[in-house]
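Asker: Residue numbers (my numbering): 11 to 144. Below is one structure. I have some questions about it.
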């Protein structure tokens, strides 16, 4: 993150029951967030997930129209769900795909689905309007 530009922090949101479970597992909500500045995005969910990519690769942002049942870090084939809640899940489409790390292992990141309290504010920080499902 550039020191010259202000950073907007969007904590990853957690349901109450999952907050307790994640703390027991060492996946602290205080270390689960998205930082956005004018140049890049940093995503972190404790020790389980991390990624950093330029804002310029964000091509579309939309809110998920259904609530996922699962919580945590799950993915396959470039699509990663990073959430502590089923509410406020934002889809962030990246092109070209970027690098992320899941438990330290490198993975391809093409679609990031992340739970935040303020989806519209995150979309605005990413330079995108929040759209409906594509």
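Note that the Cβ used here is the ideal one computed from N, Cα and C, for glycine as well. On a predicted model such as this, the values are computed, not experimentally measured, just so you know.
Given a cut-off of 8 Å, decide if residue 55 and residue 132 are closer than it, judged by their beta-carbon atoms.
Answerer: Sequence index remark: in the chain shown, residue 132 carries index 122 (1-based). Sequence index remark: in the chain shown, residue 55 carries index 45 (1-based). Cβ atoms of residue 132 and residue 55: not closer than 8 Å.
Asker: May I have a chain-ordered list of the beta strand (DSSP E) segments no shorter than 3 residues that lie completely inside the region 38–81?
Answerer: Counting only runs of 3 or more, we get 42–46, 50–55, 59–64, 68–73.
Asker: How is residue 34 classed by DSSP in three states: helix, strand or coil?
Answerer: Reading the chain shown from its first residue, position 24 is the one you call residue 34. Note: residue 34 maps to helix in three-state DSSP.
Asker: Go ahead and label residue 114 buried or exposed: buried means 16 or more other beta carbons lie within 10 angstroms of its beta carbon, across all protein chains shown.
Answerer: The residue labelled residue 114 in the question sits at position 104 within the chain shown. Label assigned to residue 114: exposed.
Asker: Measure the C-alpha to C-alpha separation of residue 10 and residue 57 and round it to an integer number of angstroms.
Answerer: An answer regarding residue 10 cannot be provided, because it is not within the stretch 11 to 144 covered by the chain.
Asker: Specify the secondary structure class of residue 94 as computed by DSSP and reduced to three states.
Answerer: As a working mapping, residue 94 is identified with position 84 in the chain shown. DSSP places residue 94 in strand when its eight states are reduced to three.
Asker: Would residue 135 and residue 79 qualify as a contact pair, given that the criterion is a beta-carbon distance under 8 Å?
Answerer: The residue given as residue 135 occupies position 125 in the chain shown. The residue given as residue 79 occupies position 69 in the chain shown. Against a cut-off of 8 Å, the Cβ pair of residue 79 and residue 135 comes out as no contact.
Asker: Where do the N-terminal and C-terminal ends of the beta strand (DSSP E) with residue 87 fall, by residue?
Answerer: Residue 87 sits at position 77 when you count from the first residue of the chain shown. From DSSP, residue 87 is part of no beta strand (DSSP E); its letter is neither H nor E.
Asker: Got a sec, what are the start and stop residues for the beta strand (DSSP E) residue 105 sits in?
Answerer: Walking along the chain shown from the start, residue 105 turns up at place 95. Here the beta strand (DSSP E) through residue 105 covers 99–112.
Asker: Since residue 71 and residue 101 should fall inside the 8 Å C-beta cutoff, what is the C-beta to C-beta distance between them, to a whole number of angstroms?
Answerer: Residue mapping note: residue 71 aligns to position 61 of the chain shown, counting from 1. Residue mapping note: residue 101 aligns to position 91 of the chain shown, counting from 1. Indeed they touch by this definition, with Cβ atoms about 7 Å apart.
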